[in-house]
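Each remark here refers to the structure printed beneath this line.
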Amino acid sequence: MNTVPDRIERSVVIAAPIERVFKAISDPAEFGTWFSNGVEGDFEVGSQPVIDEGKYGRFRLAIIAKEPPTYFAYRWVSGTAFVPDGFTSNPLEHPNTLVEFRLSATDQGTEVCVTETGFATLPESYAAQNFEDNTGGWEYQLNELANHVSA
């Protein structure tokens with residue numbers, strides 16, 4: 053039985069308007085500068101763009117929700133178990149995780165809460181490593197997002 057925690061949740065407050073932060077998260081050209089080394093495809097609901105994670109490989113996302121300016125979500129199969137090739141098959145046909153960005157306006161700007169769930173349903177062979185990789189990864193990525201929006 054898989055005993056890996058199912059959920060990662062991280063948040064950051066960015067001194068920028070909610071619309072600006074949402075664009076950085078939901079526009080593939082911007083996402084491809086702070087999250088990855090580029091994006092092939094669009095971020096419309098139902099699409100499956102591929103992000104380039106450099107030395108970690110290329111990963112296909114399945115965009116499942118886009119509700120400007122407060123919510124954006126996708127599913128993917130990620131993690132260092134797939135290095136150096138990544139995972140570009142249809143993520144919906146394999147055990148995957150759900151990434152959700154929730155944005156809310158605050159007096160200081162925009163609070164971004166990212167939640168990734170589904171680790172407990174991943175194959176035991178890489179679930180624990182994927183959870184560990186992504187726990188640190190989200191701290192790094194939210195810092196990158198804040199730097200990108202503030203630039």
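The sequence shown begins at 53 in this note's numbering and counts up one residue at a time. Beta carbons are placed, not taken as given, at the ideal position from N, Cα and C, and that holds for glycine. Everything numeric in this text was worked out from a predicted model, so none of it was measured.
Nearest residue (CA-CA) to residue i, options the options
{"i": "P57", "options": "D185, Q193, S63", "result": "D185"}
{"i": "Q204", "options": "A198, P147, A67, N182", "result": "Examination of residue 204 is not possible in this model, given that the chain is present from 53 through 203 alone."}
Burial state of residue i (16 or more Cβ within 10 Å)
{"i": "L155", "result": "buried"}
{"i": "A125", "result": "buried"}
{"i": "L194", "result": "buried"}
{"i": "S130", "result": "buried"}
{"i": "R59", "result": "exposed"}
Interface flag, residue i vs chain C, CB-CB below 8 Å
{"i": "T167", "result": "Judged by its chain identifiers, the structure shown contains no chain C, having just a single protein chain."}
Same chain, Cβ closer than 6 Å to residue i, neighbours up to 5 away in sequence not counted
{"i": "F95", "result": "S78, P80, I115"}
{"i": "A180", "result": "V56"}
Supposed contact pair residue j and residue i - C-beta distance, whole angstroms, cut 8 Å
{"i": "R112", "j": "N142", "result": "7 Å"}
{"i": "H200", "j": "W86", "result": "4 Å"}
Residues near residue i by beta carbon distance below 7 Å, same chain, minus five either side
{"i": "R62", "result": "V166, W190, E191, L194"}
{"i": "K75", "result": "E82"}
Cβ neighbours of residue i in the same chain (closer than 8 Å, five flanking residues each side left out)
{"i": "G93", "result": "P80, S99, Q100, P101, V102"}
{"i": "L197", "result": "V64, I66, V73, A76, I77, W86, F87, V164"}
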